[in-house]
Amino acid sequence: MVKYALFLGCQIPMRLPSIEIASRRVFNILGLEAVDLLGYSCCPEPVVSRLLDETAALAVSARNLTLAEDLGLDMLTLCNGCYETLAEANEALKHDAERRSEVNTILRRYGREYAGKVDVKHIVEALYEDVGLNGIRKHVTKPLKIRAALHYGCHLYREYKTSDIMRKPNMMREIAMQTGVDMIDYGLERLCCGYPSMQANEEFSLKHRLLPKLSRMRSKGAEAIITICPACTIQFEIGQVMLRSYGFQFNMPCINLMELLALSFGVPHRDLHLELHRSPVQQLVQKVLGVS
Amino acid sequence: MAVSLEDDMVNCVREEVGENLVEAYKQRERRIFVRVKPEAFRDALHAIKKRYKMLRFITISAVDSGLDMEYLYHFHVEGAVLTFKVTKHKEDNTLESISDMFPAANLIEREISDLFGVKLLNHPQPEHGLVLTKDWPDDKRPLRKTFEGILPPQARPVAEALISSGCVAPISSFIQRKREDAGLPKSPAFTFTDEDAMREFHGIIRDVGLAEKAGFDWEKKRLRYK
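Protein sequences appear in the order of chains U and S.
First residue of the first sequence: 1, per my numbering; consecutive thereafter.
First residue of the second sequence: 1001, per my numbering; consecutive thereafter.
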C-alpha cells in the first residue's frame, strides 16, 4: 500500500469538506494510505504571506515539511495552492544552502530541523503514478455521462520535476476521463479563474477572468465544470452568484475531481455531503445518476 | 585598548536601560544610532546627559509610518552625532516632552504636535497653535497619515487569520457539524487544535517578524487596523 502524509490545507477541511470526504473514500477504495499531519498550519497562503515576508513564508512551509519528515512520508496535497507553496519551498530549501540554514536557525529553537528528505506530490500525480489509469478504471462502477469542461487551475502548471508544464494537467484530464465524462474542449483552459485577483479588483476578476470561461464553457455545451483546486471551486461557485449582480446568469455545477471519482466508484452521493456546494452539484448528480 | 566614543555611548545606554536597548549601530565614523523602547528613553537620555559634558540638543525628526510614529532625537556629543530612535504606536497618540531636560526641544516638540496631531505630555505649552492656527481641525493634521499598515484591505482578513490561528479559512459551526455528520473530526488536526503546535507556530511567526510587519496585535489577536 502506498502511504503519504496528507496535507489537507485550509480551504478543503474548513470550507469544502465534501472534497475531503470524497478523497478519503477514494483513498480507501484505491488502497492509498493517507496519514494526517498533526499540528499542521496553513501552507502558507501563497499570495499574501509571500508578499509580506518571504523568509516567514519559507519558515512556515519548512515547519509543515518537517511534520512529514517526522513521519518519514512524502507529502500529498489535495490543493493546487498548497502544492505550489510546499513544493516550491521544498525545492528552494533543498537547493539553497543559505536559505536552508536561515530557516533552520529559526526551526531549531523549536526542536525542528528541515532535512530535505521528503517530496511533495499533488493528488493527480499520486493517482496517476501510484494507482494508474487502469487501477482507477477498474473501480468505476457508475460511469458518469456528463458533458464537462475541465479547469486545471494555474498552480497545477507549476512543474518542478520536468520541463513539461502540461504533465499534471494531462494527468488530471486522463484521470477525469476514466469516470466516463464527455470532455468538452473550450479553448480557455489556461485562463485563470480570477480567484487571486478578487483580492485586488472584484469586477476585473469576475468580468475578465470568470465570465469568459463560463461563457465559453456554456457555448460549447458543458453541463458541468470539473476542478481540482478548492480556491478555483470557490471562485466558480461564489463567482457565479456574484456575477448575477453584473447581469450575468449562470447555473453551472462545479464538481471536484475527487468527488467525481467517488461518485463513479459508486460511493452514495448522500455520503459525500454535496449539499455543501454553492452550485447545483446535487441536481447534476440526481440527473446523471437518476436518483432523488 | 581605549573604548571609542561610539562604543562608550552604547555602553552607557546599555548599562542604564539593559534590555530596553533594542539596537545600536554606527552608520559611519562619529555617527551613531541607538534605538530604545519608549518607556526607557528618558532614563537613557538622563544617563547620556550625566556622562557627557559636551552634549547639545540638535533637533527632533518625526516620521509617521501609518501605524507608528518614529521620533529621532539628534544630539551632538563631543564631536559625534548621536540619534536616539523611539517608536511609539499611534494608538498612544502622545509625546512626552524632554523640554525639562533640554529647553531647546520646546519649539520642535510643539511643531511636531501641530503637524502630526500628537498630544504633548509634561510640556510647558502643550496646546496646538505654533505653526498652524489654534482652531485647526484635529483630524486634518498636514503630516499625519491614515492609520494603516502595509496590507491592502482585501489582504487583511487572510493575514489576520494566518497569524492568529495558523489557518486562513476559519471554520464555522455549520461546517463542524457537517464534518461530524460525515464521521470526520470536528476540525482537522490544525495548529489551533493543539496548544504546543500553536505555541510553536506563533514562536516562528514572532521570530521572523511577520506579525510586526503586518501590524498584528498579539494581545487582541487581530490586526491593529481594520
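Ideal Cβ placement from N, Cα and C applies to all residues, glycine included.
Scanning chain S for C-beta atoms nearer than 9 Å to the C-beta of residue 11/U yields 1168, 1169, reported in chain order.
Here the alpha carbons of residue 126/U and residue 269/U stand approximately 24 Å from one another. As a beta-bridge residue in DSSP terms, residue 1190/S pairs with 40/U.
With distances taken between CA atoms, residue 81/U lies nearest to 12/U out of 210/U, 12/U, 104/U. Residue 25/U has its alpha-carbon roughly 19 Å from the corresponding atom of residue 1189/S.
Of 8/U, 42/U, 111/U, 226/U, the smallest CA-CA separation from residue 151/U is found for 226/U. Counting only unbroken stretches of 3 or more residues, the beta strand (DSSP E) elements lying wholly within the segment 1104-1182 of chain S are 1119-1121, in sequence order.
Interface residue (Cβ-Cβ distance to chain S less than 8 Å): residue 245/U is not classified as such.
Distances from the CA of residue 236/U to each of 18/U, 279/U, 144/U were compared; the closest alpha carbon is that of 279/U. Put simply, the backbone Cα of residue 136/U is about 17 Å away from that of residue 3/U.
The C-beta distance from residue 224/U to residue 146/U rounds to 5 Å, short enough to meet the 8 Å contact threshold. 8 Å or more divides the Cβ of residue 175/U from the Cβ of residue 217/U. Here residue 90/U is buried: its Cβ has 16 or more other Cβ atoms, across all protein chains shown, within 10 Å. Of the candidates 1122/S, 1118/S, 1077/S, 1073/S, 1073/S places its Cα closest to the Cα of residue 1083/S.
Between residue 1034/S and residue 1043/S, the alpha-carbon positions lie close to 13 Å from each other. Near chain S, meaning a CB-to-CB distance below 7 Å, the residues of the segment 171-202 of chain U are 199, 200. For the segment 68-89 of chain U, the beta-carbon criterion of a distance under 7 Å to any beta-carbon of chain S is satisfied by none of its residues.
Beta-bridge partners of residue 1061/S (DSSP): 1072/S. Taking every protein chain shown into account, the CB of residue 249/U has fewer than 16 other CB atoms within 10 angstroms, so this residue is exposed. Contacts with chain U at 8 Å (Cβ-Cβ) do not include residue 1068/S. In chain order, 224, 279, 280, 281, 284 place their CB closer than 6 Å to the CB of residue 253/U, counting only its own chain and leaving out the 5 sequence neighbours on each side.
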